[in-house]
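Numbering (this note's numbering), first residue to last: 417 to 614.
Beta carbons: idealized from backbone N, C-alpha and C, even for Gly.
Let me begin by presenting the structure, written as structure tokens, before commenting on it.
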């Protein structure tokens, strides 16, 4: 969903223009409080429960969108829920360009859905990032800010459908397919490091 939002396409142009300089660090927070219920799918390991597969996919997708290449270093730790799924976790990514990503996830404490892309000459801050239509850019040379508004949060699913139709009709979705594979690789490697399949 993130990659189909008009705002993210616009911010990709900002990063590509190099007006902010190279990306140095990305921070992503996502906390969703789920009521204690061991029978709920969020806590069921047989139904892909856990923070990583429920909300972590958005955080990793956010990070990959702004990274110059896929992560080649993945470090992580997690707190398990009593059913064995991940209740909270921290994930650290780095790629060959030495861009660093820190991701904070939890299902048992509310946390703002906040993404920050820190570049050499400024940073981009986005709240409610999965369906965001607004971002703030702060230029560190003088502290002035610029607000970018693009698209509408309420049309998020429409943007997904439109892009999918375009991908199928023109076969031009290769870049996103590569990004999807990169995200899936990160999620798989994180889970493997937690030994959740044992």
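Beta-carbon gap between residue i and residue j smaller than 8 angstroms
i, j, result
"residue 546", "residue 431", "no"
"residue 492", "residue 508", "yes"
"residue 420", "residue 532", "no"
"residue 524", "residue 449", "yes"
"residue 476", "residue 603", "yes"
"residue 599", "residue 473", "yes"
"residue 551", "residue 564", "yes"
Buried versus exposed, by CB contacts within 10 Å (16 or more), residue i
i, result
"residue 522", "buried"
"residue 438", "exposed"
"residue 464", "exposed"
"residue 504", "buried"
Alpha carbon of residue i to alpha carbon of residue j, nearest angstrom
i, j, result
"residue 446", "residue 579", "25 angstroms"
"residue 429", "residue 499", "43 angstroms"
"residue 568", "residue 528", "19 angstroms"
"residue 609", "residue 494", "10 angstroms"
"residue 574", "residue 581", "11 angstroms"
"residue 479", "residue 462", "27 angstroms"
"residue 466", "residue 540", "29 angstroms"
Candidates the options, of which the one nearest residue i by Cα
i, options, result
"residue 483", "460, 501, 510", "510"
"residue 518", "529, 441, 457, 599", "441"
"residue 514", "564, 489, 537", "489"
"residue 570", "548, 512, 456", "548"
"residue 543", "594, 553, 535", "553"
"residue 520", "536, 535, 502", "502"
"residue 593", "451, 456, 608, 481", "481"
"residue 558", "538, 575, 602", "538"
"residue 555", "512, 516, 436", "436"
Any non-hydrogen atom of the ligand MN within 7 angstroms of residue i CB
i, result
"residue 428", "Among the ligands in the structure shown, none appear at all, so the ligand MN cannot be discussed."
In DSSP terms, what residue i is bridged to
i, result
"residue 563", "552"
"residue 616", "As displayed, the chain neither begins before 417 nor continues past 614, which places residue 616 out of reach and without an answer."
"residue 531", "444, 542"
"residue 618", "Given that the chain is displayed from residue 417 to residue 614, the structure contains no residue 618 and the question cannot be resolved."
is_contact[residue i, chain B] using C-beta, thresh 8 angstroms
i, result
"residue 579", "Going by chain labels, chain B is absent from the structure shown, which holds only one protein chain."
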